[in-house]
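Novice: First residue of the sequence shown: 7, per my numbering; consecutive thereafter. Note that the Cβ used here is the ideal one computed from N, Cα and C, for glycine as well. Since we're looking at a predicted model, the values are computed, not measured.
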Amino acid sequence: MFEIKRERKLKVTKTEMLSSHFKRITFFSRDFFDFSENEKGAYLKLLFLKKEIGDKKLVRPYTIRNFRKKKLEIDIDFVIHQSSNGIATEWALKASPGDEIMVSGPGAKPDLKDDVDWIFFIGDMSSLPAISSNLEEIDTNKTGIIVIEIMSNEDKLKIRKPRNFQLHWVIKKKSSNHNELYDKVLSLKWLSGNPFVWVACEFDKMKKFRYYFHKEKKIKKEFTYISSYWKEGSNQEQHKKIKKIDNQQYTN
Ligand SMILES: Cc1cc2nc3c(=O)[nH]c(=O)nc-3n(C[C@H](O)[C@H](O)[C@H](O)COP(=O)(O)OP(=O)(O)OC[C@H]3O[C@@H](n4cnc5c(N)ncnc54)[C@H](O)[C@@H]3O)c2cc1C
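Put into structure tokens, the structure is as follows:
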């Protein structure tokens with residue numbers, strides 16, 4: 007997933023708060039000339055140089071929410087999460103027009119299989135950009151269910167989706183250890199036929215969903231994309247190591 011691609015320099019041209027927990031940043035780069043038109047929904051790796059650790063680059067993956075090839079522009083929607091010390095989030099909070107950043111990528115987008123009856127999208131705010139991008143690209147005749155965990159009511163961003171998709175928002179209670187997202191998903195009545203299951207969220211929640219869909223609902227691995235985008239209490243370097251070990255140990 008994290009293959010090395012050439013590096014590009016991006017310049018911030020515009021910023022906008024979409025809600026108090028989401029900041030959209032628009033970037034321009036002449037280096038986007040060789041991006042294919044359909045990079046929306048793929049991810050880039052933002053590269054941060056940290057002098058204290060010997061000029062090592064810290065990598066943070068982010069989804070390309072929009073790509074406007076003619077203008078050589080992309081949008082990235084950053085979750086302004088509450089944890090301290092997130093290098094990417096701190097950068098995004100302060101970012102303003104003229105700021106520059108290096109990225110590598112784009113990384114591949116997971117394929118949604120065509121030969122299914124419906125699609126189940128499950129995610130949190132970190133994967134809302136990827137889910138929204140997917141929904142804008144799929145056939146408008148498709149059916150499915152979307153469940154997204156957000157921090158507050160105002161994080162219900164406008165989603166352009168095919169008419170026959172149900173949309174459920176779940177608001178995460180601040181001081182709760184409860185897995186509201188999981189409870190909501192389990193409470194829903196399934197549509198008829200075989201689904202493709204797309205899940206991206208926090209690591210421990212991802213594991214619960216993976217068990218539920220693969221082991222309890224017996225959905226074959228090739229009809230699922232189940233991934234963790236971050237891990238509670240761990241930065242992306244720690245998360246990446248844990249994710250690698252988990253992937254090696256996991257048997258479907
Ligand atoms: C393929 C892919 C695409 C992604 N796309 C997006 C995207 O479009 N927008 C986006 O906002 N994120 C996206 N993410 C998630 C993002 O890369 C992580 O949230 C990242 O860890 C944020 O970096 P940071 O420097 O702010 O925090 P880190 O330094 O990695 O972590 C610092 C602390 O913040 C906590 N933390 C990290 N992320 C979150 C979060 N989302 N919510 C609550 N606490 C958190 C950690 O648990 C840790 O305690 C994506 C991840 C992947 C793998």
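Does Q88 come out as helix, strand or coil in the three-state DSSP assignment?
Specialist: Three-state result, Q88: coil.
Novice: Looking only at its chain, what residues have a beta carbon closer than 6 Å to the beta carbon of L64, apart from the 5 residues adjacent to it on each side?
Specialist: Here the set comprises F54, K56 and I93.
Novice: How is T69 classed by DSSP in three states: helix, strand or coil?
Specialist: Of the three classes helix, strand and coil, the one that applies to T69 here is strand, per DSSP.
Novice: Does R216 pass the burial test, meaning 16 or more other C-beta atoms within 10 Å, or should it be called exposed?
Specialist: Classification of R216: buried, given that the 10 Å Cβ count is 16 or more.
Novice: So G129 and A48 are supposed to be a Cβ contact under 8 Å. How far apart are they, rounded?
Specialist: Going by Cβ atoms, the distance from G129 to A48 rounds to 16 Å, so no, they are not a contact pair.
Novice: Leaving out five residues before and five after E155 in sequence, what residues of the same chain have Cβ atoms less than 6 Å from its Cβ?
Specialist: Within the same chain, E155 has close Cβ partners D130, V176, K178 and L187.
Novice: For M23, which three-state DSSP category applies?
Specialist: Residue state, collapsed to three classes: strand.
Novice: Is the separation between the beta-carbon of I151 and that of W204 shorter than 8 Å?
Specialist: No, the pair does not count as a contact, with Cβ atoms beyond the cut-off.
Novice: Report the residue from S132, L192, L24 and V191 whose alpha carbon sits nearest the alpha carbon of E238.
Specialist: The residue with the shortest Cα to Cα distance from E238 is S132.
Novice: Within the continuous beta strand (DSSP E) that includes M157, where are the two ends?
Specialist: No beta strand (DSSP E) contains M157, which DSSP labels as neither H nor E.
Novice: For E160, I'd like the list of residues in its chain whose CB is within less than 7 Å of its CB, leaving aside the five on either flank, ordered along the chain.
Specialist: If we look at E160 and ignore the five residues flanking it on each side, its Cβ neighbours are S25 and S26.
Novice: Please work out which residues of its chain come closer than 6 Å, Cβ to Cβ, to K223, disregarding the five sequence neighbours upstream and downstream, and give them in chain order.
Specialist: Contacts found: none.
Novice: Using alpha carbons as the reference points, say which of N253, T19 and N170 lies closest to K77.
Specialist: It is T19.
Novice: Going by alpha carbons, who is nearest to H184 out of T257, D210, K162 and V153?
Specialist: H184 has its Cα closest to that of D210, out of T257, D210, K162 and V153.
Novice: If you pair each beta-carbon of the region 30-50 with each one of the region 132-145, do three or more pairs fall below 8 Å?
Specialist: With a cut-off of 8 Å, the region 132-145 and the region 30-50 count as touching, because enough Cβ pairs lie within range.
Novice: Using 10 angstroms around the beta-carbon of S89, count the other beta-carbons present and answer buried if the total reaches 16, otherwise exposed.
Specialist: Flag for S89 reads exposed.
Novice: Drop a sphere of 10 angstroms on the beta-carbon of Q242, count the other beta-carbons inside from all chains shown, and report buried for 16 or more, exposed for fewer.
Specialist: Flag for Q242 reads buried.
Novice: Smallest Cα separation from R66: which of K246, D123 and T257?
Specialist: It is K246.
Novice: Who pairs with I107 in a beta bridge, going by DSSP?
Specialist: L16.
Novice: Would you check whether ligand 1 has a heavy atom nearer than 7 Å to the C-beta of H87?
Specialist: Yes.
Novice: Can you list, in chain order, the residues of its chain whose CB lies under 6 Å from that of K17, leaving out five sequence neighbours each side?
Specialist: Only F34 and E106 meet the Cβ criterion.
Novice: Taking 7 Å as the cut-off, does the CB of A101 come closer than this to any heavy atom belonging to ligand 1?
Specialist: No, ligand 1 has no heavy atom inside 7 Å of this Cβ.
Novice: Please list the terminal residues of the continuous alpha helix (DSSP H) segment that includes T95.
Specialist: Taken as a continuous stretch (DSSP letters only), the alpha helix (DSSP H) holding T95 covers I93 to K100.
Novice: Compare the C-alpha of F38 against each of M212, K15 and H87 and name the closest.
Specialist: It is K15 whose Cα lies nearest to the Cα of F38.
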